[in-house]
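Shown next, in structure tokens, is the structure this report addresses.
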Amino acid sequence: MTYKTIIAEIDETIGLITLNRPQVLNALSNQLGGELTQALSDFENNHALGAIVITGNEKAFAAGADIAEMKDQSYIDAYQGGATCNLEDALSKCRKPVIAAVSGYALGGGCELAMMCDFIIASESAKFGQPEINLGILPGWGGTQRLTRLIGKSKAMDMCLTGRMMDAAEAERCGLVSRVVEKDKFMDQVISIAKLVASKSLPALMMNKECINQAMETSLHDGLLFERRQFQAAFATADQKEGMAAFVEKRKPHWMHR
């Protein structure tokens, strides 16, 4: 498809989606939400791809929601939602690993979008924040929920009640991002990491992702049972047989992704 607010590309085994509204720091409009949802669906259904990357530009991943589009909404407009609600649903249902590559500002909805992904790789220039308090509102896309689960109550309260920004180093220290990459090597490193993920067995990737997401939603007892059942189910896959045979034979595995 031809998109107006994103760029969707394929790089060998990964799908790369670049938010492309630089004039407004990639503010998340309904159109962008709809296009991003479609691109995610296309990449999810492309069996040649093993991972998906969502990124912005050097200045901003996404500096928040499109306030100009939102400012005159009524309660019922906000309640009914729009394309951004469909996007959250699409990300939660995406079975392939989705990586957020954050350079520059990831604020408000941009920070929330990054947190919807499976993990975040940050440039040294990245800045995260939930500044909705400065608009007389609160986060409405996971900023009080995912953020609290990721960094704890005290840090989440600090960010949401003051509107302050967190730099990449602090974000890594408190577990919001998985790693910080040098600015001049950023996208090369992101692509390398995404291709490493995509080089694994796709059923194993999906099972790992399901189990880790389950850990965020359930008790330890139930999570351990879910993990055990997934582990046992892995022995019904062709890739388990190939992976273990390759290990014993000291060779590289040739995944069949089934």
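Basically my numbering = 1-based index in the sequence shown + 183. The beta-carbon is built from N, C-alpha and C at its ideal position, and this holds for glycine as well.
| field | Cβ neighbour criterion (16 or more within 10 Å) applied to Asn213 | value | Taking the sequence shown and counting its residues from 1, one reaches residue 213 at position 30. Asn213 should be labelled buried.
| task | Verify whether the separation of the beta carbon atoms of Val207 and Val285 is less than 9 Å. | result | Translated into positions along the sequence shown, residue 207 becomes position 24. Translated into positions along the sequence shown, residue 285 becomes position 102. Contact: no.
| query | Per the contact definition of three or more C-beta pairs closer than 8 Å, is the segment 366-375 in contact with the segment 247-266? | reply | no
| field | Whole-angstrom C-beta distance between Ala191 and Ile200, which should lie under 8 Å | value | What you label residue 200 is simply residue 17 of the sequence shown in a count that begins at 1. What you label residue 191 is simply residue 8 of the sequence shown in a count that begins at 1. Indeed they touch by this definition, with Cβ atoms about 5 Å apart.
| Cα separation between Met299 and Ala354? | Along the sequence shown, one-based indexing puts residue 299 at 116. Along the sequence shown, one-based indexing puts residue 354 at 171. Cα to Cα, the separation comes out at about 16 Å.
| Cutoff 6 Å; reference Ala283; Cβ partners in own chain excluding five residues on either side | Here residue 283 refers to the residue found at position 100 when the sequence shown is read from its first residue. Result list for Ala283: Ile237, Ala297, Cys300 and Ile303, in chain order.
| Is DSSP giving Phe418 helix, strand or coil here? | Within the sequence shown, the letter at position 235 stands for residue 418. Phe418 falls in the coil class under three-state DSSP.
| CA-to-CA distance, Gly291 to Glu218, given in whole angstroms | Taking the first residue of the sequence shown as 1, we reach residue 218 at position 35. Taking the first residue of the sequence shown as 1, we reach residue 291 at position 108. Glu218 and Gly291: Cα-Cα distance of roughly 19 Å.
| With DSSP run on the structure shown, which of helix, strand or coil describes Ile374? | Residue mapping note: residue 374 aligns to position 191 of the sequence shown, counting from 1. Ile374: helix per DSSP, three-state reduction.
| request: Could you give the DSSP three-state label for Glu192: helix, strand or coil? | output: For the purposes of this step, residue 192 is taken as the residue at position 9 of the sequence shown. Looking at Glu192 - three-state DSSP - the assignment turns out to be strand.
| field | Inter-residue spacing [alpha-carbon to alpha-carbon] between Thr401 and Lys336 | value | Position 218 of the sequence shown holds residue 401. Position 153 of the sequence shown holds residue 336. Going by the C-alpha atoms only, they are around 18 Å apart.
| query | What separation, rounded to the nearest whole angstrom, lies between the Cα atoms of Arg204 and Ala289? | reply | Residue numbering aside, residue 204 sits at position 21 when the sequence shown is read from its first letter. Residue numbering aside, residue 289 sits at position 106 when the sequence shown is read from its first letter. Answer to the nearest angstrom: the Cα atoms are 14 Å apart.
| Would you say the segment 317-333 touches the segment 402-416, given that touching needs at least three Cβ pairs under 8 Å? | no
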